[in-house]
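Structure first, commentary second.
Residue numbers (the working numbering), protein chains in the order written: chain A, 495 to 692; chain B, 495 to 692.
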């Protein structure tokens, strides 16, 4: 089949990015082949900068340019409460909402037998270490509200409860701004169980 | 708001790619921040290679690593028929189907008053030049089957017909493998007009 080798190579590399299928990768690669050299250079520089400057926080495991990260260094935050998330990105979602003033802990994924992710592949040891050496009164398990996230939360909850720590899970129910008719059975059942008196 | 400067910069650059919204750009940038350095380096190299090695074919305007491109150089192809497309990518779609054995011509877009694209912004002059200096018996106008593509096809058809060349347009109708119930009125009307005796 007719092809341009360099573009094919770029399509393949773009396809490795999360959420990028073959069609999107093609579109992106052809765009690069026709765009200004200035944009391509800026993109290369931006990737290189992330590759070289972004590291992991040695405390919470999030991505950061300083170690510890700005949140772990922030003296104004409540150090007695830790919110456990799967990925660094989740922290940014929380921070955007701006309602949580405690610390975070990044697991680096979720337990998933199908994806070959076992408890020892996650940064659970780091979490237990933090719980042992700091005064923690509550751990919020904010893993994803899906099967893997639930299994992970249950696994960690068991370990933490042995140490007598208050363990909570984010409330599940209807998404705000959503449409009731699009809610699946599980969500609706959680929403019912979590109903409140008005 | 809490952020990591280098990641923010990369999100911004990724957002400039076609079809990539803010959420996808975030996902991709966070992926880069956590992926192996090997992958990031391969991606950088692939972008650089496209930037440095891919150029335009001086005959058809497609992207290529040699000039003329392999198709324009191919002695086995029918040089009397030109298929006119909007973007280089369209050529790859045709070549994948493998049914067309003539040459191509890339316009570089379509006439679009709303996007500020005028006939002189497209490589129409190059097409007329080819038609003048070569024995062309047919030009297939394969611009997109939307308003801009139709307007562009009509504009070029007028110019070519003055020169007495056979001008055709790709057939429009129901997409193969599609579902009749999802067909819009225009498609259905084209399908009706183009119906064939079985």
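Here a beta-carbon is modelled for each residue, glycine too, at the ideal position from N, C-alpha and C.
Note that this is a predicted model, so its numbers are computed, not measured.
Residue closest to residue i, alpha-carbon to alpha-carbon, out of the options
i	options	result
residue 580 of chain A	A:507, A:643, A:567, A:559	A:643
residue 578 of chain B	B:591, B:606, B:622	B:622
residue 542 of chain A	B:544, B:582, B:639, B:528	B:528
residue 664 of chain B	B:564, B:630, B:593	B:593
residue 775 of chain A	A:650, A:689, A:632	This structure gives no information on residue 775 of chain A, because the portion of chain A shown stretches from 495 to 692.
residue 549 of chain B	A:684, A:683, A:498	A:498
residue 544 of chain B	A:553, A:534, A:658	A:534
residue 536 of chain A	B:582, B:655, B:504	B:504
residue 600 of chain B	B:573, B:554, B:673	B:554
residue 552 of chain A	A:572, A:523, A:598, A:584	A:598
residue 591 of chain A	B:496, B:635, B:678	B:496
residue 659 of chain A	A:569, A:571, A:586, A:634	A:634
residue 571 of chain B	B:688, B:587, B:630	B:630
residue 609 of chain A	A:641, A:618, A:628, A:653	A:641
residue 523 of chain B	A:569, A:628, A:586	A:586
residue 557 of chain A	A:546, A:675, A:582, A:628	A:582
residue 618 of chain A	A:546, A:653, A:569	A:653
Bridge-paired residues (DSSP) for residue i
i	result
residue 611 of chain B	B:606
residue 558 of chain B	B:549
residue 575 of chain B	B:632
residue 598 of chain A	A:577
Whole-angstrom distance between residue j and residue i, CA atom to CA atom
i	j	result
residue 539 of chain B	residue 530 of chain B	15 Å
residue 516 of chain A	residue 616 of chain A	30 Å
residue 605 of chain B	residue 613 of chain B	6 Å
residue 682 of chain A	residue 639 of chain A	13 Å
residue 657 of chain A	residue 626 of chain A	9 Å
residue 603 of chain A	residue 611 of chain A	8 Å
residue 596 of chain B	residue 624 of chain B	14 Å
residue 646 of chain B	residue 637 of chain B	7 Å
residue 649 of chain B	residue 620 of chain B	15 Å
residue 508 of chain B	residue 514 of chain B	7 Å
residue 510 of chain B	residue 526 of chain A	10 Å
residue 479 of chain A	residue 685 of chain B	Only positions 495 to 692 of chain A appear in the structure, and residue 479 of chain A is not among them; the question remains open.
residue 655 of chain B	residue 673 of chain B	36 Å
residue 671 of chain A	residue 512 of chain A	27 Å
residue 679 of chain B	residue 688 of chain B	14 Å
residue 567 of chain B	residue 501 of chain A	19 Å
residue 690 of chain B	residue 651 of chain B	25 Å
residue 628 of chain B	residue 588 of chain B	22 Å
residue 667 of chain B	residue 677 of chain B	9 Å
residue 573 of chain B	residue 662 of chain B	16 Å
residue 584 of chain A	residue 569 of chain A	21 Å
residue 547 of chain A	residue 607 of chain A	33 Å
residue 532 of chain A	residue 675 of chain A	47 Å
residue 506 of chain B	residue 506 of chain A	22 Å
Chain C contact residues for residue i, given Cβ-Cβ distances below 9 Å
i	result
residue 547 of chain A	Among the protein chains of the structure shown, namely A and B, there is no chain C.
Cβ-heavy atom distance, residue i to the ligand FAD, below 8 Å
i	result
residue 665 of chain B	Among the components modelled here there is no ligand, and therefore nothing to report on the ligand FAD.
Quiz item: How about the segment 554-566 of chain A and the segment 517-527 of chain A: do they share at least three Cβ pairs that are nearer than 8 Å?
Solution: no
Quiz prompt | Ranges of the alpha helix (DSSP H) found wholly within the segment 637-689 of chain A, counting only runs of at least 4 | solution = 641-656, 679-687
Practice problem: Could I get the ranges of all uninterrupted alpha helix (DSSP H) runs contained in the segment 510-546 of chain A, with 4 residues as the minimum, in chain order? | Solution: 516-528
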